[in-house]
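Residue numbers (UniProt numbering): 1 to 354.
All residues carry an ideal CB built from backbone N, CA and C; glycine is no exception.
Note that this is a predicted model, so its numbers are computed, not measured.
First the structure, in the form of structure tokens, and then the observations on it.
Laid out in structure tokens, this is it:
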């Protein structure tokens with residue numbers, strides 16, 4: 001891989017981000033404070049413009065556009081401009097979701113979709129309509145998962161960089177030069193933006209950045225799903241386990257409380273961690289957990305038993321945190337409740353034996 005292919009997006013992003021900040025002054029594109037935000041003051045929320053331009057410019061110079069690459073660029077551009085419009089004038093959630101579905105349909109039209117859904121025990125589903133629906137749900141789900149974790153300085157960008165670097169690294173092993181180029185170009189473009197987005201951030205990526213990154217990660221995983229035995233949908237699910245769990249928890253929590261799904265609150269994983277560990281440490285913890293999930297994927301490639309054991313341990317730790325922090329509900333504690341029941345039964349047995 002040409003080093004210029006990763007150096008250029010980084011430099012473009014580093015140079016463009018301050019210019020985007022200046023432009024925000026004139027167009028009034030500042031992050032609004034609400035129940036979910038933790039920042040104070042006027043901070044630009046269109047930093048994703050720098051990431052997007054760094055990616056598009058570098059792709060145009062170094063990557064030969066085939067049919068699938070064209071679909072990737074068109075679909076991601078729809079998602080970027082959707083986020084940008086939302087950052088500037090706000091659009092309704094239903095409109096945003098509709099545009100996400102349209103972007104997913106663009107991917108399908110250009111040949112980027114799930115052909116076969118592989119389940120455990122060798123079960124395969126290759127029915128056209130099911131794969132079609134699954135592709136749309138996958139793209140919209142991952143896109144929104146990345147969007148939802150964009151709540152702390154450097155969190156969404158940092159986790160996205162880790163996910164992209166892991167995917168790119170595995171692409172090296174799988175000899176997928178196309179995935180390697182796309183993943184690393186986007187990762188280093190995002191890394192250049194993080195120079196300004198790390199805590200305390202002077203600019204946010206906004207929806208134009210988080211929706212673009214989420215869409216790209218979902219699309220890259222679909223590109224790898226067709227012809228790779230390793231880059232299956234299991235990998236991005238594993239790498240994005242925290243935002244996926246956070247999204248599902250938010251749905252359950254808000255449903256139980258009678259809230260709307262898009263209604264902001266401060267019960268996300270990063271909010272709960274921040275109360276105990278602070279802003280910077282929370283970002284480090286969540287990025288570290290994402291990196292551990294990535295390492296478990298490599299461990300699984302070397303030794304399935306060890307890799308699986310590492311994944312289970314991390315997931316158990318996350319589940320216990322969710323239950324102890326009452327992230328979903330005060331009454332939601334299945335694992336801790338099970339452990340307490342086992343302890344009570346064990347004490348009864350020991351008393352009888354004694």
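Alpha helix (DSSP H) segment containing residue 76, residue limits: Taking the first residue of the chain shown as position 1, residue 76 is located at position 76. Taken as a continuous stretch (DSSP letters only), the alpha helix (DSSP H) holding residue 76 covers 67 to 89.
Alpha-carbon spacing of residue 219 relative to residue 112, whole angstroms: By 1-based counting over the chain shown, the position of residue 219 is 219. By 1-based counting over the chain shown, the position of residue 112 is 112. A direct Cα-to-Cα measurement between residue 219 and residue 112 gives close to 7 Å.
Sheet register partners of residue 44 (DSSP bridge): The count along the chain shown starts at 1 and reaches residue 44 at position 44. Its beta-bridge partners are 30 and 203.
Nearest-angstrom beta carbon gap, residue 156 and residue 210 [assumed within contact, 8 Å]: For the purposes of this step, residue 210 is taken as residue 210 along the chain shown, with counting starting at 1. For the purposes of this step, residue 156 is taken as residue 156 along the chain shown, with counting starting at 1. Between residue 210 and residue 156, the beta carbon gap of about 5 Å places them in contact (Cβ cut-off 8 Å).
Straight-line gap, residue 93 to residue 100 (C-alpha atoms, nearest Å): One-based indexing of the chain shown puts residue 93 at position 93. One-based indexing of the chain shown puts residue 100 at position 100. Straight-line Cα distance between these residues: approximately 10 Å.
Residue 231 - DSSP class collapsed to helix/strand/coil: Position 231 of the chain shown holds residue 231. Below a pLDDT of 50, predicted positions are generally treated as unreliable, and residue 231, at 46, falls in that range; no measurement from the model is reported.
Own chain, CB closer than 6 Å to residue 8, minus 5 neighbours either side, in chain order: The residue you call residue 8 lines up with position 8 of the chain shown. Cβ neighbours of residue 8 beyond the five flanking positions: 58.
Given residue 236 as reference, the closest of 349, 141, 5 and 74 once Cα atoms are compared: Walking along the chain shown from the start, residue 236 turns up at place 236. When 349, 141, 5 and 74 are compared, the shortest CA-CA separation from residue 236 is found for 141.
Classification of residue 13 by the beta-carbon crowding that lies within 10 angstroms, buried from 16 upward: In the chain shown, residue 13 corresponds to position 13, counting from 1. By the Cβ neighbour-count rule, residue 13 is buried, with 16 or more other Cβ atoms within 10 Å of its own.
Option nearest residue 165 by Cα separation, candidates 149, 182 and 88: Taking the first residue of the chain shown as 1, we reach residue 165 at position 165. When only C-alpha atoms are compared, the closest one is 182.
Contact check, residue 205 vs residue 51, beta carbons under 8 Å: Here residue 205 corresponds to residue number 205 of the chain shown, with the count starting at 1. Here residue 51 corresponds to residue number 51 of the chain shown, with the count starting at 1. With contacts defined as CB atoms closer than 8 Å, residue 205 and residue 51 qualify as a contacting pair.
Beta carbon of residue 53 nearer than 8 Å to that of residue 75: Stepping through the chain shown from its first residue, residue 53 is reached at position 53. Stepping through the chain shown from its first residue, residue 75 is reached at position 75. Going by C-beta atoms, residue 53 is not nearer than 8 Å to residue 75.
Runs of alpha helix (DSSP H) wholly within the stretch 107 to 195 (minimum 4 residues, chain order): With a minimum length of 4 residues, the unbroken runs of alpha helix (DSSP H) contained wholly in the stretch 107 to 195 fall at 128 to 148 and 155 to 173.
Three-state secondary structure (DSSP) of residue 371: In the structure as shown, the chain starts at 1 and stops at 354, and residue 371 therefore has no counterpart that could be examined.
Local conformation of residue 268 per DSSP, three classes: Taking the first residue of the chain shown as position 1, residue 268 is located at position 268. Three-state result, residue 268: coil.
Completely contained alpha helix (DSSP H) runs for the stretch 267 to 352, where each covers 4 or more residues: Runs of the alpha helix (DSSP H) inside the stretch 267 to 352: 269 to 277, 279 to 302 and 304 to 324.
Separation of residue 150 from residue 250, as counted between CA atoms: The residue you call residue 250 lines up with position 250 of the chain shown. The residue you call residue 150 lines up with position 150 of the chain shown. Between residue 250 and residue 150, the C-alpha separation is close to 14 Å.
Under the three-state DSSP convention, the category residue 63 falls into: The count along the chain shown starts at 1 and reaches residue 63 at position 63. The three-state reading of DSSP puts residue 63 in coil, since its state is none of H, G, I, E or B.
At least three beta-carbon pairs within less than 8 Å, the stretch 184 to 192 to the stretch 12 to 27: Output reads yes: the stretch 12 to 27 touches the stretch 184 to 192.
Sequence-distant residues of the same chain with beta carbon closer than 8 Å to residue 148, five excluded per side: Residue mapping note: residue 148 aligns to position 148 of the chain shown, counting from 1. The residues 243, 246, 247, 250 and 268, in chain order, have a CB closer than 8 Å to that of residue 148 in the same chain once the five nearest residues on each side in sequence are set aside.
C-alpha gap between residue 273 and residue 196, whole angstroms: Position 273 of the chain shown, counting from 1, holds the residue named residue 273. Position 196 of the chain shown, counting from 1, holds the residue named residue 196. A straight-line Cα-Cα distance of about 23 Å links residue 273 and residue 196.
DSSP three-state assignment for residue 21, whether helix, strand or coil: Against the chain shown, residue 21 aligns to sequence position 21. Helix.
Where residue 11 sits in the DSSP three-state scheme: Position 11 of the chain shown, counted from the first residue, corresponds to residue 11. Residue 11: helix per DSSP, three-state reduction.
Residue nearest to residue 202 in terms of C-alpha spacing, selected from 47, 28, 6 and 27: Numbered from its first residue, the chain shown carries residue 202 at position 202. The shortest CA-to-CA distance from residue 202 to any of 47, 28, 6 and 27 is the one to 47.
Cβ shell of residue 241 (< 6 Å), same chain only, five flanking positions each side left out: Reading the chain shown from its first residue, position 241 is the one you call residue 241. Result list for residue 241: 293, in chain order.
Rounded C-alpha distance that separates residue 336 from residue 200: Indexing the chain shown from 1 puts residue 336 at position 336. Indexing the chain shown from 1 puts residue 200 at position 200. So the two alpha carbons sit approximately 36 Å from each other.
Given residue 253 as reference, the closest of 325, 30, 152 and 169 once Cα atoms are compared: Within the chain shown, numbered from 1, the residue matching residue 253 stands at position 253. When 325, 30, 152 and 169 are compared, the shortest CA-CA separation from residue 253 is found for 325.
Nearest-angstrom Cα separation, counted from residue 42 out to residue 308: For the purposes of this step, residue 308 is taken as the residue at position 308 of the chain shown. For the purposes of this step, residue 42 is taken as the residue at position 42 of the chain shown. Cα to Cα, residue 308 sits roughly 45 Å from residue 42.
Residue 256, enclosing alpha helix (DSSP H) - first and last residue: Taking the first residue of the chain shown as position 1, residue 256 is located at position 256. Segment 241 to 256, the alpha helix (DSSP H) holding residue 256.
Cβ-based burial, residue 45 [other Cβ within 10 Å; buried from 16]: Taking the chain shown and counting its residues from 1, the one referred to as residue 45 is at position 45. Buried, because 16 or more other Cβ atoms sit within 10 Å of the Cβ of residue 45.
Residue 52 - DSSP class collapsed to helix/strand/coil: Walking along the chain shown from the start, residue 52 turns up at place 52. Here residue 52 sits in helix by DSSP.
Residue 223 in three-state terms, based on DSSP: Position 223 of the chain shown holds residue 223. Three-state result, residue 223: helix.
Rounded C-alpha distance that separates residue 143 from residue 167: Walking along the chain shown from the start, residue 143 turns up at place 143. Walking along the chain shown from the start, residue 167 turns up at place 167. Their backbone Cα atoms lie some 17 Å apart in a straight line.
CB of residue 208 within 8 Å of CB of residue 55, strictly: Here residue 208 refers to the residue found at position 208 when the chain shown is read from its first residue. Here residue 55 refers to the residue found at position 55 when the chain shown is read from its first residue. The answer is no: Cβ separation not under 8 Å.
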